[in-house]
Amino acid sequence: MAECAVKTVSGTLPGFRASAPLLLRQIIATSAAASLVLPLATPAAAQSRPPAPYANVQLSDPAKEAEATALMATLRCLVCQGQAIVDSDADMAGDMRSLVRQRIAAGESADEVRDWLIARYGDYVTYDPPMSAVTIPLWLTPLALLALGIWIASASFRRRRPPRR
Amino acid sequence: MRRWLLWLPLVLFALVVVFAVRELRKPSDRTVYSAMVGKPVPDFTLPPILSGRPGLSAADLKVGQPRLLNIFASWCVPCIAEAPQLMKLKAMGIPIDAVAIRDSEPAIAQFLKRHGDPYARIGDDRDSRVQLSLGSSGVPETFVIDGRGIIVKQHVGDIRDEDVAALADAWRNAR
């Protein structure tokens with residue numbers, strides 16, 4: 419919404435000399451428009467609720483907090499798909515952190531919380547996928563590539579030796 | 186020396202190119218679908234978000250008749266886009282309940298006044314707890330739930346005009 423407003427206002431802002439470079443005029447117009455628009459944008463942002471109780475608050479028990487943090491580092495943020503929920507500033511990631519902390523605090527193990535989420539979102543939600551028929555290449559490919567690398571390396575080293583007479 | 190081995194890196198590279206081109210021409214579906222389709226709605230109770238209107242609990246979704254469950258929010262732009270389609274579904278006689286994500290009473294009241302109110306019940310899910318328990322990964326999403334409270338279909342994203350028929354069919358088939 420704010421962006422649309424900026425475009426409209428900068429298009430209609432009067433009073434710029436035609437001799438001023440176009441880029442400079444645009445920068446001035448945009449920043450003037452932004453200063454007009456930004457106060458209007460605040461109420462929209464204020465509509466969003468405050469973060470969930472344990473989104474950014476640690477558990478008082480350090481052992482449980484450590485367990486929750488370790489788990490959160492391996493859970494995918496669903497709206498910002500490249501990030502773990504522990505790193506993400508998205509509202510939904512905050513809600514997921516709060517959920518994880520509250521479940522751990524209530525006595526569930528990290529594996530139980532992970533399984534609860536996998537039952538809802540599939541393996542996609544975890545960065546530590548369980549071994550299955552679908553994920554077996556993930557586990558075996560690195561070993562296969564390592565074996566290939568060793569084979570290529572050993573073959574090249576052999577070739578470098580001076581030929582025997 | 187096995188000369189054919191010289192070609193191996195090129196073959197591997199060609200393979201990578203084939204995968205890259207295929208993904209660029211027709212990107213694979215990155216949508217996160219719920220794993221709860223085919224399973225019963227998890228137990229929950231949400232307070233009403235509007236005073237004088239009912240809230241929503243899992244029991245309200247097992248009343249013998251299939252219903253739509255719309256996950257929405259007043260701060261969500263695609264939810265505005267799908268509002269007319271929800272009104273169409275309502276006009277077809279399909280009951281629609283809603284879960285409002287991270288929202289407030291005045292914002293929801295204004296949203297419904299401006300874009301129409303297709304909902305029988307609206308639950309207040311202030312920290313996305315019910316959304317997460319349904320396996321929903323964003324707003325808007327729409328679930329079709331049969332009369333026994335089993336989730337039979339999930340629609341991710343805003344309901345476009347061309348999606349209305351499929352949702353109405355799913356609702357009819359769930360009876």
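Residue numbers (the numbering used here), protein chains in the order written: chain E, 419 to 583; chain F, 186 to 360. Cβ atoms here follow ideal geometry from the backbone N, Cα and C, with glycine treated the same way.
DSSP, reduced to helix, strand and coil, places R467(E) outside both helices and strands of the structure shown, so it counts as coil. The C-beta of V497(E) comes closer than 8 Å to at least one C-beta of chain F. A straight-line Cα-Cα distance of about 11 Å links K338(F) and P251(F). Non-local C-beta neighbours of D541(E) in its own chain, meaning closer than 6 Å and more than five positions away in sequence, comprise P547, ordered along the chain. A straight line joining the alpha-carbon of D346(F) with that of K482(E) spans about 48 Å. For the 8 Å CB-CB criterion, D343(F) and A266(F) form a contact.
A straight line joining the alpha-carbon of H300(F) with that of V531(E) spans about 38 Å. Under the three-state reduction of DSSP, N255(F) is assigned to strand. Against chain F, the CB of L517(E) has a partner CB under 8 Å away; the residue lies at that interface. In this structure the segment 251–260 of chain F touches the segment 290–305 of chain F; the number of beta carbon pairs closer than 8 Å is three or more.
For Q270(F), no beta strand (DSSP E) encloses it; the enclosing alpha helix (DSSP H) starts and ends at 262–276. Residue environment: N474(E) is assigned as exposed (fewer than 16 neighbouring CB atoms within 10 Å of its CB, all protein chains considered). Nearest C-alpha to I234(F) among V217(F), V284(F), S318(F): V284(F). Between L253(F) and I286(F), the C-beta spacing is not below 8 Å. No Cβ of chain F is located within less than 8 Å of the beta carbon of M490(E). For the pair V248(F) and I335(F), the Cα-to-Cα distance works out to about 11 Å. C-alpha of L319(F) to C-alpha of L563(E): approximately 39 Å in a straight line.
Residues of the same chain with a CB within less than 6 Å of the CB of D288(F), apart from the 5 flanking positions on each side, are A258, S259 in chain order.
Between G278(F) and chain E, the shortest Cβ-Cβ separation is not below 8 Å.
In this structure, the alpha-carbon of C498(E) lies about 14 Å from that of S321(F). Around the Cβ of P325(F), a 10 Å sphere holds 16 or more other Cβ atoms; the residue is buried. At least 8 Å separates the CB of M272(F) from every CB of chain E. If you look at E326(F), you'll find it in the beta strand (DSSP E) that goes 326–330. Apart from sequence neighbours up to five positions away, the residues of its chain that approach L246(F) with a beta-carbon distance below 8 Å are V226, R252, L254, D282, I330, G334, ordered along the chain. Counted as a single uninterrupted DSSP element, the alpha helix (DSSP H) harbouring V206(F) occupies residues 193–210. For R188(F), the three-state secondary structure derived from DSSP is helix. Chain-order list of chain F residues neighbouring Y542(E): V217, by C-beta distance under 8 Å. Residue Y218(F) holds the alpha-carbon nearest to the alpha-carbon of T327(F) among P194(F), Y218(F), L190(F), S213(F).
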